[in-house]
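In my numbering, the protein residues as written are 1 to 297.
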């Protein structure tokens with residue numbers, strides 16, 4: 001039943017994509033694939049709090065692509081975002097520094113308006129998280145009577161607003177064309193609603209399997225501390241608040257600093273951050289310190 005529901009969910013996404021293609025084509029106003037933005041990162045963790053953290057969190061890497069499918073107006077586009085991330089944990093075989101412990105991917109169709117100072121988005125986030133089963137005496141994600149949910153996925157409607165330069169590659173384009181200083185404040189706020197129903201078209205468990213989330217709010221802030229010929233230094237703060245269907249609140253808060261060097265052919269950034277609070281029931285990284293290298297274009 002679960003596989004059938006999952007298949008129906010993906011079929012629903014295909015229908016949505018077809019509609020987003022058909023409508024602008026019929027209107028005669030579309031421009032196909034005007035641009036693509038990409039980003040990748042590699043992260044290493046320290047300050048693990050217990051044996052579970054040591055097994056699960058060693059490093060993490062991911063890729064993200066924003067494919068601009070159609071242009072409705074010069075500043076309004078239909079965007080298809082694809083993300084894929086791999087979590088590396090303690091090696092379960094000899095000769096390796098770490099082993100793949102989990103994979104995550106997401107498909108996100110959304111409409112984006114990018115004004116001179118304002119960025120507005122609204123769309124759907126279909127995400128899947130899968131823990132990787134290893135052939136060991138005791139799977140890494142089982143500790144005594146505790147076990148992390150092996151597979152979860154959800155479908156989240158979202159709407160967000162923030163600075164036009166929130167996407168790092170967008171800011172880089174602005175910097176190159178206008179020779180401007182790094183903005184003093186870059187922020188983005190997004191609210192999400194986790195679907196439990198979709199007009200009866202999809203099995204309920206295919207919409208929110210493995211979790212009990214209802215609403216969430218994300219606030220991402222970057223504040224410029226220093227700007228010079230070598231690059232720009234930012235303070236970072238990312239706050240994530242989740243509300244489940246029992247009306248319980250869960251907080252996640254990460255703080256850090258990020259340096260973006262100037263004069264590089266490919267956009268790069270290096271960050272050091274600390275997960276000060278993390279009450280997520282499955283993916284808590286509370287106390288972890290992360291060193292992150294990032295590229296974007």
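Built from N, CA and C at the ideal position, the CB exists for glycine as well. Fair warning: this is a prediction, and the values are worked out from it, not measured in the lab.
Grab the span of the beta strand (DSSP E) containing residue i for me, first residue to last.
i, result
"residue 270", "267-278"
"residue 39", "32-46"
"residue 158", "151-163"
Could you name the residues of the same chain whose beta carbon sits closer than 7 Å to that of residue i, not counting the 5 residues immediately before and after it, in chain order?
i, result
"residue 278", "252, 284, 285 and 286"
"residue 214", "194, 243, 244 and 245"
"residue 210", "149, 151, 152 and 153"
"residue 54", "48 and 90"
"residue 29", "Low confidence applies to residue 29: its pLDDT is 47, below 50, so where it sits in the model is not reliable, and the reading given next is rough at best. Within the same chain, residue 29 has close Cβ partners 72."
"residue 256", "236, 271, 272, 273 and 274"
For residue i, I'd like the list of residues in its chain whose CB is within less than 8 Å of its CB, leaving aside the five on either flank, ordered along the chain.
i, result
"residue 267", "168, 169, 172, 260, 295, 296 and 297"
"residue 40", "61, 62, 63, 64, 294, 295 and 296"
"residue 116", "164"
"residue 158", "110, 121, 122, 123, 124, 125, 190, 191, 192 and 193"
"residue 88", "58, 59, 60, 61, 98, 99, 100 and 101"
"residue 128", "104, 105, 106, 151, 152 and 153"
Assuming residue i is part of the alpha helix (DSSP H), what are its boundary residues?
i, result
"residue 282", "No alpha helix (DSSP H) holds residue 282; DSSP gives it neither H nor E."
"residue 167", "Note, residue 167: premise wrong, no alpha helix (DSSP H); not H, not E."
"residue 297", "Element bounds for residue 297: n/a, residue is neither H nor E."
"residue 50", "From DSSP, residue 50 is part of no alpha helix (DSSP H); its letter is neither H nor E."
Is the separation between the beta-carbon of residue i and that of residue j shorter than 9 Å?
i, j, result
"residue 96", "residue 109", "no"
"residue 224", "residue 233", "yes"
"residue 141", "residue 101", "yes"
"residue 216", "residue 242", "yes"
"residue 236", "residue 273", "yes"
"residue 163", "residue 188", "yes"
"residue 68", "residue 37", "yes"
"residue 121", "residue 79", "yes"
"residue 98", "residue 58", "yes"
"residue 119", "residue 160", "yes"
"residue 90", "residue 56", "yes"
"residue 271", "residue 291", "yes"
"residue 262", "residue 230", "yes"
Report all residues from its chain with a CB closer than 6 Å to the CB of residue i; omit the five preceding and five following residues, and keep chain order.
i, result
"residue 218", "190 and 240"
"residue 281", "none"
"residue 130", "103 and 151"
"residue 238", "220 and 254"
"residue 289", "46, 47 and 274"
"residue 184", "224"
"residue 269", "258, 260 and 294"
"residue 66", "37, 79 and 81"
"residue 42", "61 and 293"
Item to complete: Would you mind listing the beta strand (DSSP E) stretches within the stretch 66-119 that are 3+ residues and don't spill past its ends, in chain order?
Response: 76-89 and 99-114
Discussion item. In chain order, what are the residue ranges of uninterrupted alpha helix (DSSP H) at least 4 long that sit wholly in the stretch 187-261?
Written reply: Fully enclosed alpha helix (DSSP H) runs of 4 or longer: 205-208.
Worksheet item: Okay, do the stretch 146-156 and the stretch 247-254 touch, 3+ Cβ pairs below 8 Å being the bar?
Response: No, the stretch 146-156 is not in contact with the stretch 247-254.
Worksheet item: Counting pairs of Cβ atoms below 8 Å between the stretch 72-79 and the stretch 99-107, do you hit three or more?
Response: no
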